[in-house]
Amino acid sequence: MQVLGQELVKWYENHHRNLPWRHTKDPYQIWLSEVILQQTRVDQGLPYFLKFVHTFPTVELLAKATEQEVLSLWQGLGYYSRGRNLHKTAQIIAHEYNGAFPNSYEGLLKLKGIGPYTAAAISSFAFDLPHAVVDGNVFRILSRYFGIDLAINSSAGKKTFEKIAGEVLNIKQPALHNQAIMEFGALQCKPVAPKCSECPLQLSCAAFAENKVHLLPVKEKKIKIRHRFFVYHVQTDQENRLALERRVAGDIWEGLFQFPMIELKSSEEQITYLQSFATSWQSPKFKHVLTHQKIEAYFVLAPLREKKEEKIHYSLQEISELPLPRLIDKFLEQHRKDLPI
DNA sequence: AAAGCGGGGCA
DNA sequence: TGCCCAGCTTT
């Protein structure tokens, strides 16, 4: 077990990327980077980390911001509850912890948006405590290296891999070990096309010996895909201000702003709905389709419904200051000059 | 224990 | 174009 850790650290010293959060022991910056990097690639998260550190150099400044300012900066990163939890936790730290992060795994775990992985990461990186990180990289490396085909998303699998991760952890330098194993997973022992031919662990890797690197790690069951069909109404008032509504809680893009939207049950209903515009209201001035993951969205330049429901009207300038779903943001990018105003 | 939450990369 | 990635919260 010890060989694995030593090889990982040796590899890390020659191959690691130079990333800003690796030059600090500041729990605030480490926390910021870890939350941003949850479910997010380094390339995508890096600019957001720089934006946040620049805009909010301390946890107190982040706590003082409004949620909307935080979400605006978060716009485009996805999983927006991370942004809301980030803000909430900053306020807890600033107001109830005197600006200092808890210096224990258990203390960190109590905070919003910090689960087992992030608590292990912060406690090792910032406080040199011996907690092993177990993220997707670690699951992958351990399952391959030890040739374990237990599903990584099963209870038994998680328990097993967490146990092994703790056993291989170098408790003398947990921060270095944790950085090394995750960087190794990201650059060397990649999900697809891992670089086995130039791998320092090749001779001791069980999966390589049995020629089943590509079969590991094992994941259980399929997630069922839900297709959704949206039509957005791009409406303006007499002053050429655009109507926006705020998305409700409990669904995708919670709390973000969008054009007033109707959701249809099927692609057919969506088309029928669109055609009703073409017949009943001459022809829509503008129609455009964007596909976002499993969401098919049309934008129609629709007539403004009078005093029906109360939508908030904003100028284009004001809209750019609100947190928008990536889909709406993309639409505005592409059609800014076609819009009235 | 299971479902839901978003982006972007890549075959 | 469709598949893949994967930590945390909520149910």
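For the first sequence, the numbering used here gives the first residue as 110, with consecutive numbering after it. Beta carbons are placed, not taken as given, at the ideal position from N, Cα and C, and that holds for glycine.
Thr345 bridges to which residues according to DSSP?
-> Start at 1 with the first residue of the first sequence, and residue 345 comes out as number 236. Per DSSP, Leu351.
Beta carbon of Ser252 nearer than 9 Å to that of Asp258 = Numbered from 1 along the first sequence, position 143 holds the residue referred to as residue 252. Numbered from 1 along the first sequence, position 149 holds the residue referred to as residue 258. Yes.
Check the DSSP bridge columns for Met370 and list the partner residues they point to.
-> As a working note, residue 370 is residue 261 in the first sequence. Met370 pairs with Tyr341.
For Tyr423, which beta-bridge partners are listed by DSSP?
-> Translated into positions along the first sequence, residue 423 becomes position 314. Paired residue(s): Leu351.
Distance between Leu141 and Lys173 (C-alpha atoms, nearest Å) = Counted from its first residue, the first sequence places residue 173 at position 64. Counted from its first residue, the first sequence places residue 141 at position 32. Taking the straight line joining both Cα atoms gives about 16 Å.
Counted within 10 angstroms of its Cβ, other Cβ atoms place Pro283 as buried (16 or more) or exposed = By one-based count along the first sequence, residue 283 stands at place 174. Burial call: buried.
Can you tell me whether DSSP reads Ile450 as helix, strand or coil?
-> On the first sequence, position 341 is the one that residue 450 refers to. Residue confidence for Ile450 is low, a pLDDT of 47 falling below 50, so the modelled location carries little weight; the figure read from the coordinates is stated next. Of the three classes helix, strand and coil, the one that applies to Ile450 here is coil, per DSSP.
Considering only C-alpha positions, which residue in the set Gln443, His286, Arg350 and Leu436 is nearest to Lys420?
-> Taking the first residue of the first sequence as 1, we reach residue 420 at position 311. Measuring from the Cα of Lys420, the nearest candidate turns out to be Arg350.
Assuming Pro432 and Leu180 make a contact with CB atoms under 8 Å, what is their CB distance in whole Å?
-> Counted from its first residue, the first sequence places residue 432 at position 323. Counted from its first residue, the first sequence places residue 180 at position 71. Correct: roughly 4 Å between the Cβ atoms.
Continuous alpha helix (DSSP H) stretch holding Ile202: start and end = One-based indexing of the first sequence puts residue 202 at position 93. Ile202 -> alpha helix (DSSP H) spans Ser190 to Glu205.
Nearest neighbour of Leu353, chosen from Gly359, Leu365 and Asp360 [CA to CA] | Start at 1 with the first residue of the first sequence, and residue 353 comes out as number 244. That would be Leu365, whose Cα lies nearest to the Cα of Leu353.
If I'm right that Leu296 touches His124 with Cβ under 8 Å, what's the distance once you round it to whole angstroms?
-> Along the first sequence, read from residue 1 onward, the residue named residue 296 stands at position 187. Along the first sequence, read from residue 1 onward, the residue named residue 124 stands at position 15. Leu296 to His124, Cβ: 6 Å. Contact.
Can you grab the Cα-Cα spacing for the pair Glu271 / Ala260, in whole Å?
-> Here residue 271 refers to the residue found at position 162 of the first sequence. Here residue 260 refers to the residue found at position 151 of the first sequence. Computed Cα separation, rounded: 13 Å.
So what's Ile380 in DSSP terms, helix, strand or just coil?
-> Looking up residue 380 in the first sequence gives position 271. Residue state, collapsed to three classes: helix.
If you run the structure through DSSP and keep just helix, strand and coil, what is Gln153?
-> Numbered from 1 along the first sequence, position 44 holds the residue referred to as residue 153. Residue state, collapsed to three classes: helix.
Report the rounded CA-to-CA distance for Lys268 versus Thr381, giving the unit in angstroms.
-> As a working mapping, residue 268 is identified with position 159 in the first sequence. As a working mapping, residue 381 is identified with position 272 in the first sequence. Each residue's alpha carbon lies about 51 Å from the other.
Which residues mark the beginning and the end of the alpha helix (DSSP H) in which Trp130 is found?
-> Indexing the first sequence from 1 puts residue 130 at position 21. Where Trp130 is concerned, there is no enclosing alpha helix (DSSP H), given that its DSSP letter is neither H nor E.
Where Arg126 falls, given that 16 or more other Cβ within 10 Å makes a residue buried = Reading the first sequence from its first residue, position 17 is the one you call residue 126. With fewer than 16 other Cβ atoms within 10 Å, it is exposed.
Looking at C-alpha atoms only, which residue of Pro309, Gln288 and Arg337 is the closest neighbour of Leu128?
-> One-based indexing of the first sequence puts residue 128 at position 19. It is Gln288 whose Cα lies nearest to the Cα of Leu128.
The region 218-228 contacting the region 192-206, beta-carbon criterion three pairs below 8 Å | yes
Check the C-beta distance from Arg249 over to Pro300 and give it rounded, since I have them as a contact under 8 Å.
-> Working through the first sequence from its first residue, we reach residue 249 at position 140. Working through the first sequence from its first residue, we reach residue 300 at position 191. Yes, Arg249 and Pro300 are in contact; Cβ-Cβ is about 7 Å, under 8 Å.
How about Arg335 and Glu372: are their beta carbons less than 9 Å apart?
-> Taking the first sequence and counting its residues from 1, one reaches residue 335 at position 226. Taking the first sequence and counting its residues from 1, one reaches residue 372 at position 263. Against a cut-off of 9 Å, the Cβ pair of Glu372 and Arg335 comes out as no contact.
What three-state label does DSSP hand Ala295 in the structure shown?
-> Here residue 295 is taken as the residue at index 186 of the first sequence, counted from 1. Residue state, collapsed to three classes: helix.
Closest by CA to Asp237, which one among Ala265, Thr198, Tyr254 and Leu278?
-> Mapped onto the first sequence, residue 237 falls at position 128. For Asp237, the nearest C-alpha among the options comes from Leu278.
If we ignore side chains and look at the alpha-carbon of each, how far apart do Ala241 and Thr198 end up?
-> As a first step, residue 241 must be located in the first sequence, where it is residue number 132. As a first step, residue 198 must be located in the first sequence, where it is residue number 89. Going by the C-alpha atoms only, they are around 23 Å apart.
Could you tell me how far apart the beta carbons of Glu178 and Ser263 are, in whole angstroms, since I believe they sit closer than 8 Å?
-> As a first step, residue 178 is located in the first sequence; it is residue number 69 there, counting from the start. As a first step, residue 263 is located in the first sequence; it is residue number 154 there, counting from the start. Their Cβ separation, rounded to whole angstroms, is 40 Å, which puts Glu178 and Ser263 out of contact at 8 Å.
First through last residue of the alpha helix (DSSP H) which encompasses Thr175 = By one-based count along the first sequence, residue 175 stands at place 66. That residue, Thr175, is in no alpha helix (DSSP H); it is neither H nor E in DSSP.
Tell me whether the beta-carbon of Ile231 lies closer than 9 Å to the beta-carbon of Ile139.
-> In the first sequence, counting from the first residue as 1, residue 231 sits at position 122. In the first sequence, counting from the first residue as 1, residue 139 sits at position 30. Cβ atoms of Ile231 and Ile139: closer than 9 Å.
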